[in-house]
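Undergrad:
Residue numbers (the numbering used here), protein chains in the order written: chain A, 1 to 466; chain B, 1001 to 1291.
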């Protein structure tokens, strides 16, 4: 049997439900600019109907809020994280390539190509004027500039490689900090869930941290039944409901950092910023360093060999070597020649007016001395080889730049999709606000109506004849 | 697709950012005047520019070598011409001394002049170019001749200059023609002493030898002249290839200003359009219309 108080109860339920919905609208509006915020929605449902014996059908009992739902598409999240890790990898490389391009400083009139050309030119000049001390000094100075260019380039590459290694280490620190925070949130989320709450905002925070982590290293994420996120890297567990595993840094013989799990197993990194850093350190920078080094080594050896065949200003044979050192870093003009330019062996037969050996040294630039494959006979001149280094760098840098741009675009696309699902639209919230506001007003009216009805029943009924 | 408030703001920012980035690229090209500022701007073009720059440096080197060589040859030609002139005079004097009617006083004067000519010839044989002796082989810093003949052992080494890739040219005349009993330097003292001795017949016999030496000198003059001509031709060719290489380099790496400025103004227009659209769309929401 229905009671007259039923109307008040329905009204009260409606008031509470609409108010909760309005609060959710308020929360959305308040967080319209919060990064990583997912819009929420109060799910309204009719309460269980009431079948009163003898009455017709079910009688409704009002409304309640069954859930406050986070509106988010897990598939877009996954896709976005796939692109984010690639953006991390190529973004890192593209920025670093720009730095390498600055170090090599080509094409320009002050890079290694230019000082190398100037060195050959000075030797040609020496061939024409083997008697001139001024020209000999020019040869010495251009050789010093050449050696210093090699020294500087190599040192800068080495410093850059060390910087990249430092970045790897700081990224490991970041990974561990993020993993710890995610594990902490996991605990809070599972606790809230087991108490029957929906920890929407905590989940937003966790999603944000997962995005940050995905940018650094490629992770796979799955959600456990408890609501905890389970994160693996290369198939090995990083975070689960129980906590996070700490990735450690192991130093190899050269003092370079490698990632390993507590058990000593190497971390299998296949993408993300850290992969970008590792590729730069172990592939690109290393390759350019090796190439520059072998170029310098070849120049030192060949020039010295030819120089030893000549005669100096005084007609003395092979009295000093021209360059000393064995590679780009140690390359320098020999001390004896630095002190006395007459020791430069320009002459081919001991006569002062003969510049044949200077010419022979200058013509080394046309000799095939370098080979990109050590097993093959030399097939490139020094100039070709260095040009190859620069062009290779250009191609790699261009590729990284394009990839970074593409990934940036894709991540944006994904973020737009995410926004279109999860972002707060003020227009929509205002519309909802009005909707719930009207419903609230109407519910209040309903209570007033029930109140008036009860007033009639209680205060004005049965007073006939009083 | 749901369009949210922030998505519009974000997209506007992104669009402005993209336009600005492109404008920056054009700006960089305009400021440096170069289309390729880094190898990654155009790896293929950078490769070409790299090769062209080296070729230009080489050509410039050859141009300088050709110029130096030409100076050396001009100095040589001048010295040889003066020797020829001197030998003509020697021939004239010998001719006039070869007749019996010449009085003894004249013979004396002729012998004196021949001695002067001999001194001049030694001076010419010691001609130098920038402190380097022209007729000393590769021993360029040691004076090759004295009044008495060669100062020491003469060197006959050739001085070669590279005037093109793998193309060398000998620029010195080695001093064989100044050495030995029949050389220019040995001939004149002989004539002079015969004149002094008044041996008309012997002086007359010398005339052929004098003519032969003069002819040899003339052949050296024409050889030198021919080399100078060849150098002029090489120089012209080098200048041409230098200018075509420079043009190629410019085509490869220089920015085309009118095109870039045009593109830049297009970017400017789309930047302003994006700003205008943004200003109109970002501002209002439903809030503005609720009371």
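Beta carbons: idealized from backbone N, C-alpha and C, even for Gly.
This one's a predicted model, so the numbers in the text were calculated from it and none came from an experiment.
Per DSSP, which residues does residue 324/A bridge with? Please list them.
TA: Position 324 of the first chain, counted from the start, is the residue given in the question as residue 324/A. DSSP lists 332/A as partners of residue 324/A.
Undergrad: Shortest alpha-carbon distance to residue 225/A belongs to which of 216/A, 186/A, 233/A?
TA: In the first chain, residue 225/A corresponds to position 225, counting from 1. With distances taken between Cα atoms, residue 225/A lies closest to 186/A.
Undergrad: Suppose you measure from the CA of residue 19/A to the CA of residue 68/A; what does that come to, to the nearest Å?
TA: As a working note, residue 19/A is residue 19 in the first chain. As a working note, residue 68/A is residue 68 in the first chain. The straight-line gap from Cα to Cα measures roughly 13 Å.
Undergrad: Cα separation between residue 120/A and residue 362/A?
TA: Your numbering for residue 120/A matches position 120 in the first chain. Your numbering for residue 362/A matches position 362 in the first chain. One C-alpha to the other measures close to 5 Å.
Undergrad: Quick one: what's got a C-beta closer than 7 Å to residue 1154/B's C-beta in the same chain, skipping five residues either side?
TA: Mapped onto the second chain, residue 1154/B falls at position 154. These residues qualify, in order along the chain: 1137, 1144, 1175, 1179.
Undergrad: So which residues of chain A does residue 1162/B contact, with C-beta pairs closer than 9 Å?
TA: Working through the second chain from its first residue, we reach residue 1162/B at position 162. Within chain A, the residues near residue 1162/B are 124, 127, 128, 359, 362, 363.
Undergrad: Which residues does DSSP pair with residue 243/A in a beta bridge?
TA: Position 243 of the first chain holds residue 243/A. Per DSSP, 240/A.
Undergrad: What are the residues in the stretch 419-441 of chain A lying within 9 Å of chain B by C-beta distance?
TA: 419, 420, 421, 422, 423, 424, 425, 426, 427, 428, 429, 430, 431, 433, 434
Undergrad: Taking C-beta pairs closer than 8 Å, name the residues in chain A that residue 1267/B reaches, listed in chain order.
TA: To locate residue 1267/B, count along the second chain from 1; it is residue 267. Those do not exist, as residue 1267/B stays about 17 Å from chain A at its closest Cβ, beyond 8 Å.
Undergrad: If we call anything under 7 Å between Cβ atoms a contact, is residue 1098/B one with residue 1110/B?
TA: The residue you call residue 1098/B lines up with position 98 of the second chain. The residue you call residue 1110/B lines up with position 110 of the second chain. Not closer than 7 Å, so no.
Undergrad: Going by CA-CA distance only, name the one from 1104/B, 1157/B, 1171/B that's closest to residue 1163/B.
TA: On the second chain, residue 1163/B is found 163 positions in, with the first residue counted as 1. Residue 1171/B is the option with its Cα nearest to residue 1163/B.
Undergrad: Starting from residue 352/A, trace the beta strand (DSSP E) in both directions and tell me its first and last residue.
TA: Translated into the one-based positions of the first chain, residue 352/A becomes position 352. Counting along the chain, residue 352/A falls outside any beta strand (DSSP E), and DSSP gives it neither H nor E.
Undergrad: Note down, in chain order, every chain B residue with its Cβ under 7 Å from the Cβ of residue 383/A.
TA: Along the first chain, read from residue 1 onward, the residue named residue 383/A stands at position 383. Going along chain B in sequence order, the residues near residue 383/A (Cβ under 7 Å) are 1054.
Undergrad: What runs of the alpha helix (DSSP H), each 4 residues or longer, lie entirely inside the stretch 57-139 of chain A?
TA: With a minimum length of 4 residues, the unbroken runs of alpha helix (DSSP H) contained wholly in the stretch 57-139 of chain A fall at 74-104, 112-128.
Undergrad: On the DSSP bridge list, what partners appear for residue 1145/B?
TA: The sequence position of residue 1145/B within the second chain is 145, counting from 1. DSSP output for residue 1145/B lists 1150/B as bridge partner(s).
Undergrad: Thinking just about the alpha-carbon of each residue, which of 60/A, 17/A, 22/A is nearest to the one in residue 6/A?
TA: Within the first chain, residue 6/A is the residue found at index 6, counting from 1. Minimum Cα distance to residue 6/A is reached at 60/A.
Undergrad: Residues of chain B with CB under 7 Å from residue 393/A, in chain order?
TA: Looking up residue 393/A in the first chain gives position 393. Within chain B, the residues near residue 393/A are 1039.
Undergrad: Measuring alpha carbon to alpha carbon, tell me which residue in 374/A, 370/A, 352/A, 25/A is nearest residue 131/A.
TA: Working through the first chain from its first residue, we reach residue 131/A at position 131. Taking only the C-alpha atoms, the option nearest residue 131/A is 352/A.
Undergrad: In the DSSP assignment, find the beta strand (DSSP E) that holds residue 43/A and state where it starts and stops.
TA: Along the first chain, read from residue 1 onward, the residue named residue 43/A stands at position 43. Note, residue 43/A: beta strand (DSSP E), 40-46.
Undergrad: Under 8 Å, with one C-beta from each stretch per pair, do the stretch 399-415 of chain A and the stretch 446-460 of chain A reach the 3-pair mark?
TA: no
Undergrad: Quick check: residue 1049/B and residue 1216/B, are their CB atoms within less than 7 Å of each other?
TA: Position 49 of the second chain, counted from the start, is the residue given in the question as residue 1049/B. Position 216 of the second chain, counted from the start, is the residue given in the question as residue 1216/B. No, Cβ-Cβ distance for residue 1049/B and residue 1216/B is not below 7 Å.
Undergrad: Taking only beta-carbon positions, decide if residue 467/A is within less than 7 Å of chain B.
TA: Residue coverage of chain A in this structure runs from 1 to 466, which leaves residue 467/A outside it and unanswerable.
Undergrad: Does any C-beta atom of chain C lie closer than 7 Å to the C-beta of residue 1215/B?
TA: In the structure shown, chain C does not exist; the protein chains are A and B.
Undergrad: So residue 32/A contacts chain B; which residues on that side make the cut at Cβ distance below 7 Å?
TA: Locating residue 32/A in the first chain gives position 32, counting from the first residue. Correct list: 1005, 1006.
Undergrad: Name the chain A residues that come within less than 8 Å of residue 1141/B, Cβ to Cβ?
TA: Start at 1 with the first residue of the second chain, and residue 1141/B comes out as number 141. Against chain A, a Cβ distance below 8 Å from residue 1141/B picks out 131, 352, 353.
Undergrad: Along the chain, where does the beta strand (DSSP E) containing residue 1218/B start, and where does it finish?
TA: Taking the first residue of the second chain as 1, we reach residue 1218/B at position 218. In the DSSP assignment, residue 1218/B falls outside any beta strand (DSSP E) and within the unbroken alpha helix (DSSP H) covering 1200-1253.
Undergrad: Near residue 64/A, what residues of its chain come up, given a Cβ to Cβ distance below 7 Å and the 5 sequence neighbours on each side ignored?
TA: Within the first chain, the letter at position 64 stands for residue 64/A. Same-chain partners within the cutoff: 13, 17, 45, 47.
Undergrad: Between 57/A, 42/A, 33/A, which lies nearest to residue 49/A when the distance is taken from Cα to Cα?
TA: Here the question's residue 49/A lines up with position 49 in the first chain. For the residues 57/A, 42/A, 33/A, the minimum Cα distance to residue 49/A belongs to 57/A.
Undergrad: What does a CB cutoff of less than 8 Å around residue 1036/B pick up in its chain, not counting 5 residues either side in sequence?
TA: On the second chain, residue 1036/B is found 36 positions in, with the first residue counted as 1. Contacts found: 1042, 1045, 1046, 1049, 1252, 1253.
Undergrad: Please state if the CB of residue 1118/B and the CB of residue 1189/B are separated by a distance shorter than 7 Å.
TA: What you label residue 1189/B is simply residue 189 of the second chain in a count that begins at 1. What you label residue 1118/B is simply residue 118 of the second chain in a count that begins at 1. Yes, the pair counts as a contact, with Cβ atoms nearer than the cut-off.
Undergrad: Tell me the rounded alpha-carbon separation between residue 276/A and residue 1004/B.
TA: Sequence index remark: in the first chain, residue 276/A carries index 276 (1-based). Sequence index remark: in the second chain, residue 1004/B carries index 4 (1-based). When rounded, the distance between both Cα atoms is 34 Å.
Undergrad: Who does residue 1162/B pair with in a DSSP beta bridge?
TA: Residue numbering aside, residue 1162/B sits at position 162 when the second chain is read from its first letter. In the DSSP assignment, the residues bridged to residue 1162/B are 1168/B.
Undergrad: Are residue 248/A and residue 260/A close, meaning C-beta to C-beta below 7 Å?
TA: Taking the first residue of the first chain as 1, we reach residue 248/A at position 248. Taking the first residue of the first chain as 1, we reach residue 260/A at position 260. Yes, Cβ-Cβ distance for residue 248/A and residue 260/A is below 7 Å.
Undergrad: Can you check whether the C-beta of residue 387/A is within less than 7 Å of a C-beta belonging to chain B?
TA: Residue numbering aside, residue 387/A sits at position 387 when the first chain is read from its first letter. Answer yes: the Cβ-Cβ gap between residue 387/A and chain B drops below 7 Å somewhere.
Undergrad: Could you tell me which uninterrupted beta strand (DSSP E) segments, each at least 3 residues in length, are contained entirely in the stretch 180-221 of chain A, listed from first to last along the chain?
TA: Assignment of beta strand (DSSP E) within the stretch 180-221 of chain A, counting only whole runs of 3 or more residues, yields no such run.
Undergrad: Is there at least one Cβ from chain A nearer than 7 Å to residue 1068/B's Cβ?
TA: Start at 1 with the first residue of the second chain, and residue 1068/B comes out as number 68. Yes, residue 1068/B lies at the interface with chain A (some Cβ there is under 7 Å from its Cβ).
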